[in-house]
Amino acid sequence: MDHDDFQPPEPIDGLPEVPPEGERILWQGKPDWLVLANEAFMLRWVAIYFVMLAVWRGLAGWLNHDVERGVLSAVWLVVIGVVACGLIALSAWVQARATVYTVTNRRIVMRIGAALTLALNLPYRWIGKADLRLHRQGTGTITFDLLGETRFSYLVCWPHVRPWHVQKTQPAFRCIRDAEHVAGLIAEHARTEIAASDARAQSAAIPAE
Numbered sequence: 001m002d003h004d005d006f007q008p009p010e011p012i013d014g015l016p017e018v019p020p021e022g023e024r025i026l027w028q029g030k031p032d033w034l035v036l037a038n039e040a041f042m043l044r045w046v047a048i049y050f051v052m053l054a055v056w057r058g059l060a061g062w063l064n065h066d067v068e069r070g071v072l073s074a075v076w077l078v079v080i081g082v083v084a085c086g087l088i089a090l091s092a093w094v095q096a097r098a099t100v101y102t103v104t105n106r107r108i109v110m111r112i113g114a115a116l117t118l119a120l121n122l123p124y125r126w127i128g129k130a131d132l133r134l135h136r137q138g139t140g141t142i143t144f145d146l147l148g149e150t151r152f153s154y155l156v157c158w159p160h161v162r163p164w165h166v167q168k169t170q171p172a173f174r175c176i177r178d179a180e181h182v183a184g185l186i187a188e189h190a191r192t193e194i195a196a197s198d199a200r201a202q203s204a205a206i207p208a209e
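Start counting the sequence shown at 1; every next residue gets the next number (my numbering).
The structure is reproduced here in structure tokens:
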């Protein structure tokens, strides 16, 4: 019996289909979930916010000579903050676990999405520029500025995008380890593939004698 909503398993983790002949997988990876939580989900700032609120409530109770009430309010804020940070950390972990970034000698593939899974196939000829931003934790983010009229939804692709670039979404490898090495692979093979593609186009344009 056929089911339209049945999704067959990936032949290779992170790829919707077996790569064609001549295409090789060079690298696969995922975001570092803790760095992703801080960079994309603002975990650190949420924690600081609740700590400041708790301290403020405690000081307010002390200044108003109602230490017991101030301490109780501070404790409740700490509990709420811990729950909120736990949910954020869980969301980042789920996102990272569901993600597979792939670099081949011909394209970039991004299998993203925890609830709604989709795969973005980005041939090198679609990519006008790739930018690398390194983080303090030893990870980095590589963003892809796409050529032409190719568009992706910012909300659907988030957090695997360059932050705040909503009008023209830039897909990104967020918070990956060994980012400099991966960026080098992309640069090297993008040049090779684009040169080969141009050569094939010129050869096809020359009429046979």
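Think of the CB as a built atom: it goes at the ideal place given N, C-alpha and C, for glycine as much as any other residue.
Backbone secondary structure at residue i - three-state DSSP
| i | result |
| --- | --- |
| residue 3 | Note that residue 3 has pLDDT 40, beneath the 50 cutoff, so the model's placement of it is unreliable and the number below is only indicative. Coil. |
| residue 147 | coil |
| residue 38 | helix |
| residue 152 | coil |
| residue 28 | strand |
| residue 22 | coil |
| residue 15 | strand |
| residue 67 | helix |
| residue 79 | helix |
| residue 166 | coil |
| residue 57 | helix |
| residue 138 | coil |
| residue 106 | coil |
| residue 192 | helix |
| residue 10 | coil |
Residue i and residue j closer than 9 Å at C-beta
| i | j | result |
| --- | --- | --- |
| residue 92 | residue 134 | no |
| residue 141 | residue 194 | no |
| residue 96 | residue 16 | no |
| residue 123 | residue 106 | yes |
| residue 99 | residue 112 | yes |
| residue 86 | residue 73 | no |
| residue 126 | residue 148 | yes |
Top-ranked residue by Cα proximity to residue i, from the options
| i | options | result |
| --- | --- | --- |
| residue 76 | 89, 160, 53 and 166 | 53 |
| residue 51 | 71, 66 and 65 | 71 |
| residue 108 | 26, 96 and 10 | 26 |
| residue 45 | 101, 128, 88 and 147 | 88 |
| residue 179 | 131, 147 and 146 | 131 |
| residue 101 | 152, 22, 90 and 160 | 160 |
| residue 48 | 82, 24, 32 and 29 | 82 |
| residue 171 | 191, 143 and 149 | 143 |
| residue 139 | 182, 150 and 169 | 182 |
| residue 32 | 173, 66 and 187 | 173 |
| residue 104 | 56, 63, 58 and 28 | 28 |
In DSSP terms, what residue i is bridged to
| i | result |
| --- | --- |
| residue 100 | 111 |
| residue 131 | 143 |
| residue 161 | 171 |
Where the beta strand (DSSP E) containing residue i begins and where it ends
| i | result |
| --- | --- |
| residue 122 | 118-123 |
| residue 177 | 172-177 |
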